[in-house]
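Have a look at the structure below, then the notes.
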Amino acid sequence: MSEPLLHLSHISKQFPGVLALDDVHLSVRAGEVHVLLGENGAGKSTLVKIVTGAYQRTGGDISFDGRPLQVADPRHAIDAGISMVYQEINLAPHLTVAENVYLGHEPLRSKLFRIIDQERMNRLAGQALSRFHLQIDPATPVQQLSVAQQQMVEIVKAFSTNARLIILDEPTATLTSREIDELFTLIRKMKAEGVAFIYISHRLEELPLIGDQVTVLRDGRFVATVPADTAMDELIRLMIGRTVDHLFPKRHVQAGERLLDVENLTRDGVFHDVGFSLRQGEILGVAGLVGAGRTEMARAIFGADKADSGRISLEGRPLDIQSPCHALKQGIAYVSEDRKGQSMALGMSVQDNITLAELPGLSGPVLLNAGAERECAEKYRKELDIRMTGPEQPAGLLSGGNQQKVVIARLLATNPKVLIFDEPTRGVDVGAKVEIYQLINQLVERGTGVILISSYLPELLALSDRVLVMREGRVSALLNRDEATQENILAAATTGTEQAA
914 MSEPLLHLSH ISKQFPGVLA LDDVHLSVRA GEVHVLLGEN GAGKSTLVKI VTGAYQRTGG
974 DISFDGRPLQ VADPRHAIDA GISMVYQEIN LAPHLTVAEN VYLGHEPLRS KLFRIIDQER
1034 MNRLAGQALS RFHLQIDPAT PVQQLSVAQQ QMVEIVKAFS TNARLIILDE PTATLTSREI
1094 DELFTLIRKM KAEGVAFIYI SHRLEELPLI GDQVTVLRDG RFVATVPADT AMDELIRLMI
1154 GRTVDHLFPK RHVQAGERLL DVENLTRDGV FHDVGFSLRQ GEILGVAGLV GAGRTEMARA
1214 IFGADKADSG RISLEGRPLD IQSPCHALKQ GIAYVSEDRK GQSMALGMSV QDNITLAELP
1274 GLSGPVLLNA GAERECAEKY RKELDIRMTG PEQPAGLLSG GNQQKVVIAR LLATNPKVLI
1334 FDEPTRGVDV GAKVEIYQLI NQLVERGTGV ILISSYLPEL LALSDRVLVM REGRVSALLN
1394 RDEATQENIL AAATTGTEQA A
């Protein structure tokens, strides 16, 4: 057996008051996809940040290609042949796609005067994008792209560095099945060329499709290295130290009265004539490819973007929603797909984030009632099992799953009648996923109407009572539960197959 390309031994990392990693081992060989698995907070991100130079290890040794490696910073890692796509998008929003892809290694017309060859850079970026069959203009500013498109640009950027080791942290979280297939095809091609991968994912069904070996971390410690085709139940047990009876715990609730009606909702150039109804206690799934208009439709219902025409009614009462604040007051809440960018104040405390939308109800005649605020935050901390060091902990220091719970807690405090979840389990570990699914079940049992937007078809199929499919900004199908198969959804999303509503 060949020597490992990357070898980590006895790695530890100490933060003030926290031992994040303790005696962790990992070996990755050339031409191998090595999956790194564990719950949020298990130490996966800390470990790969040490490999890429974003953090410095407290103890242990790293060797790369048989030689000791001390990575001083991320630039040093790239120069050594190590590239990474982080879970949280790390692009410069005001730069173009091409400028982001080649940031730090731009093609030059003059090395002496450091003049960038913009035309060549756009051409090379276009070629890189075409490898993924991405119809994106390289001259487009990144801020104009969807979250999923930005994720694909991050992947293209990593692949453009000619790295020998590429680390992918939740690369498929916002991608459609077609884009995932294209990504996996390119990974397999690069594997055959000797490129190694560290692959972090919470989608366990992906592992045997793309992985070779799996290393499991729990609470900052090494647990085991096993083959990627190890049974899912065993992987879950290794990750969380217990078994999970049902990954998708769906409770069937008899739908009640019509709650939300959307008629001919249109935002010119984005989505057109979108219409559907939602009943009390119903989960309406929303599927579609990237760019189909799912998120944009949800933002219009929530008042974050202004629709040009159409009608929205709640409990038979027409609404003219002017802003998210107005939507919340009417009983409509929205959990954004961009948790950190749009849903959280990362520098504020967990308590402040939970109570932010309910401050008027927690205030006295002049001042905020600090006791009532603490009680509100503690209520939802217990109800959602938010794991934190204390209510004053900055929300940005929580794991992805606990950040998502904080966002949900803030909206639950407003007692919504309709709750829109946009990619609610993106970047969330299997244990936290089950907790979020159970929370959704509790909501519909209370009569809340839930709209579930997801690119992850297994959760969409398992949880939804009906599935609305969008294609190119229009509703292409509305499928009942017995009609909603993966094949029917993909056909409607890609070819516009019509189904009766």
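Numbering of the sequence shown is given in our numbering, commencing with residue 914 and proceeding in unit increments.
Ideal placement from N, C-alpha and C gives every residue a C-beta, glycine not left out.
*Are there three or more Cβ pairs, one per stretch, closer than 8 Å when the region 1182 to 1191 is compared with the region 1202 to 1213?*
yes
*Have a look at residue 1166 and residue 1354 and give me their C-alpha separation to the nearest angstrom.*
9 Å
*How would you call residue 931, buried or exposed, if buried means at least 16 neighbouring beta carbons within 10 angstroms?*
exposed
*For residue 922, collect the residues of the same chain with a Cβ closer than 7 Å to its Cβ; drop the 5 residues on either side in sequence, then sort them by chain order.*
938, 973 and 974
*For the putative contact between residue 1245 and residue 1214, defined by C-beta atoms under 8 Å, what is the C-beta separation to the nearest angstrom?*
So it is a contact: roughly 7 Å between Cβ atoms.
_In this structure, how does DSSP classify residue 1097 when only helix, strand and coil are distinguished?_
helix
*asked:* Among 1247, 953, 992 and 961, whose alpha-carbon lies nearest the alpha-carbon of residue 1080?
replied: 961
*Over the uninterrupted beta strand (DSSP E) stretch that includes residue 1407, give me the two end residues.*
Careful: residue 1407 lies outside any beta strand (DSSP E), inside the alpha helix (DSSP H) at 1399 to 1408.
*Expressed to the nearest angstrom, what Euclidean distance is found between the alpha-carbon atoms of residue 1412 and residue 1363?*
Interpretation of residue 1412 is limited by its pLDDT of 42, a score under 50 that renders its predicted location unreliable; no figure is taken from the coordinates.
*Cα separation between residue 936 and residue 942?*
20 Å
_Residues that residue 1390 bridges to, as DSSP identifies them_ = 1382
*CA-CA distance, residue 1055 and residue 1396?*
37 Å
*If you pair each beta-carbon of the region 1190 to 1198 with each one of the region 1308 to 1323, do three or more pairs fall below 8 Å?*
no
*In three-state DSSP terms, what is residue 941?*
Here residue 941 sits in strand by DSSP.
*Backbone CA spacing between residue 1029 and residue 1062 [nearest angstrom]*: 25 Å
*Hey, quick one: how far does the alpha helix (DSSP H) through residue 1152 stretch, first residue to last?*
Residues 1145 to 1153.
_What does the Cβ neighbour count give for residue 1046, buried or exposed, with the cut at 16 atoms within 10 Å?_
exposed
*Could you have a look at residue 1090 and say whether DSSP puts it in helix, strand or coil?*
DSSP places residue 1090 in helix when its eight states are reduced to three.
*asked:* Among the candidates 1173, 1209, 1201 and 1195, whose CA atom is the shortest distance from the CA of residue 1180?
replied: 1209
*Determine the contact status of residue 1399 and residue 1349, defining contact as a CB-CB distance below 9 Å.*
No, they are not a contact pair.
*Who does residue 1439 pair with in a DSSP beta bridge?*
The structure shown does not extend to residue 1439, since the chain is modelled only from 914 to 1414, so the question has no answer here.
*Would you tell me roughly how many angstroms separate the C-alpha atoms of residue 1147 and residue 982, rounded to the nearest one?*
34 Å
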